[in-house]
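Novice: Below you will find the structure I want to go over with you.
Numbering (my numbering), first residue to last: 171 to 274.
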């Protein structure tokens, strides 16, 4: 039971790390494109997001491979969720049109 709780908490940690990493990437893109110094935004964000993610994986895994994989799974799942939430409605309709064209 205790190991199951550890795996679930590692999965939740992966969700949080993924939300921070990919949400921060989206936010940085929005800010960086309208900034006078976009390189500073992108580089600073890269360092902060990557450092936080690596440290989060390290602490969430606790030296156990199973917890590391669960944390990574949560991270990847959150990537898909953030991608869907931040997608523009126009991109979604274009993607459906392209997919429908391949079916014929």
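We put the beta carbon where it would ideally sit given N, CA and C, even for glycine.
Using CA coordinates, which residue listed in 215, 202, 212 and 192 is at the minimum distance from residue 254?
Specialist: 192
Novice: Give me the Cβ distance between residue 180 and residue 230, rounded to the nearest whole Å; I'm assuming they're in contact under 8 Å.
Specialist: 5 Å
Novice: Assuming residue 187 and residue 245 form a contact by the criterion Cβ under 8 Å, report the distance between their Cβ atoms to the nearest whole angstrom.
Specialist: 5 Å
Novice: Within the same chain, show all residues whose beta-carbon is closer than 8 Å to that of residue 211, passing over the 5 residues directly before and after it, in chain order.
Specialist: Shown here for residue 211: same chain residues with a beta carbon closer than 8 Å to its own, the five before and five after excluded, namely 198, 201, 202 and 205 in chain order.
Novice: Can you tell which of 215, 216, 176 and 196 has the C-alpha that lies nearest to the C-alpha of residue 250?
Specialist: 196
Novice: Looking only at its chain, what residues have a beta carbon closer than 8 Å to the beta carbon of residue 218, apart from the 5 residues adjacent to it on each side?
Specialist: 194
Novice: Using beta-carbon positions only, say whether residue 190 and residue 220 come within less than 8 Å of one another.
Specialist: At least 8 Å separates the beta-carbon of residue 190 from that of residue 220.
Novice: Would DSSP call residue 114 helix, strand or coil?
Specialist: In the structure as shown, the chain begins at 171 and stops at 274. Residue 114 is therefore absent and cannot be evaluated.
Novice: Measuring CB to CB, does residue 242 end up less than 8 Å from residue 184?
Specialist: yes
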